[in-house]
Amino acid sequence: DAKTTQPPSMDCAEGRAANLPCNHSTISGNEYVYWYRQIHSQGPQYIIHGLKNNETNEMASLIITEDRKSSTLILPHATLRDTAVYYCIVRVATSTDKLIFGTGTRLQVFP
Amino acid sequence: DVKVTQSSRYLVKRTGEKVFLECVQDMDHENMFWYRQDPGLGLRLIYFSYDVKMKEKGDIPEGYSVSREKKERFSLILESASTNQTSMYLCASSSGQGNTGELFFGEGSRLTVL
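Line by line, the protein sequences are chains G and D. Under our numbering, the first residue of the first sequence carries the number 1, and numbering increases by one thereafter. Under our numbering, the first residue of the second sequence carries the number 1001, and numbering increases by one thereafter.
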């Protein structure tokens, strides 16, 4: 079973920040939080990951709470092309790099 | 550009047929994965492999087998296709170096079993 909980859907106006929450209350100390997204009819795409510090890259920012039980993915200026299903994943720390996907959040960016 | 290529985007097969889904990656990755994706169920792991000729069962291996004869190629086999195997199949790969490797996915193969 997926170890994360996400809202099934969210809306965001184009140009505004999209904040996607994720709960992972049973996360272990050596597990990372990963975010992927899947645009319709394509394979999932990696966005960002973190362990306990906040992270930022060219696509997004990841904010992880101090107790690591939840996180937020931030798309600072959402565009129509950001419409997708976003998956928050807690990664099992094994050498086989197994990821367990949940059902994700469907983000709709509107004009 | 890194690439994971799945042999067929769309397939239609009949019940009982043997089905091969091929996946090739050009990144020299050690790890390869097969997921299936169904509405409302998200992505579910079928099988994975972390080395040539090695394989491990995922969460839903029943009705499937895999083959990893070469590092770059990971095949998913449906010995006798059934209608409940109608799904989107996604192949992915990742580097085996450390625990922070990201997964690279192919475009998916949509299989319909009649």
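Glycine included, each C-beta is placed from N, C-alpha and C at the ideal position. All values derive from a computational prediction rather than experimental measurement.
Cutoff 7 Å; reference G/K52; Cβ partners in own chain excluding five residues on either side:
I64 and R68
For G/P44, decide whether its Cβ has a neighbour in chain C, counting only Cβ atoms nearer than 9 Å.
Here chain C cannot be found, since the structure's protein chains are G and D.
Give me the Cα-Cα distance between D/D1059 and D/F1104, rounded to the nearest whole angstrom.
20 Å
Quick one: is D/F1048 buried, meaning 16 or more other Cβ sit within 10 Å of its Cβ, or exposed?
buried
Just verifying my parser: in three-state terms, what is the DSSP assignment at G/R81?
helix
List the residues that DSSP assigns as beta-bridge partners of D/W1009.
In the sequence under discussion, the amino acid at residue 1009 of chain D is Arg, which differs from the Trp named in the question. None; D/R1009 has no bridge partner.
Could you give the uninterrupted runs of the beta strand (DSSP E) lying entirely in the stretch 1040-1111 of chain D, keeping only those of 3 residues or more?
1042-1049, 1065-1070, 1073-1078 and 1087-1094
Which residues bound the beta strand (DSSP E) around G/L73?
S70 to L75
Compare the Cα-Cα distances from D/V1052 to each of D/P1061, D/S1067 and D/P1039 and report the closest residue.
D/S1067
If we ignore side chains and look at the alpha-carbon of each, how far apart do G/G102 and G/K3 end up?
8 Å
Identify every residue that forms a DSSP beta bridge with G/G50.
G/V33
Residues of the stretch 1033-1059 of chain D with Cβ closer than 9 Å to any Cβ of chain G, in chain order:
F1033, Y1035, Q1037, G1040, L1041, G1042, L1043, R1044, L1045, F1048, S1049, Y1050, E1056, G1058 and D1059
Contact belief for G/A18 with G/F110 at Cβ below 8 Å, rounded distance in angstroms
The Cβ separation is near 11 Å, so there is no contact.
From G/E31 to D/V1113, what does the alpha carbon distance come to, in whole angstroms?
38 Å
Report the partner residues of G/P21 according to the DSSP bridge assignment.
G/T72
Please list the partners that G/L99 has in chain D, where partner means a Cβ-to-Cβ separation under 7 Å.
L1103
At a cut-off of 8 Å, would you count G/H24 as near the ligand PLP, judging by its Cβ distance to the nearest heavy atom?
What this structure holds is no ligand at all, so the ligand PLP is not there to describe.
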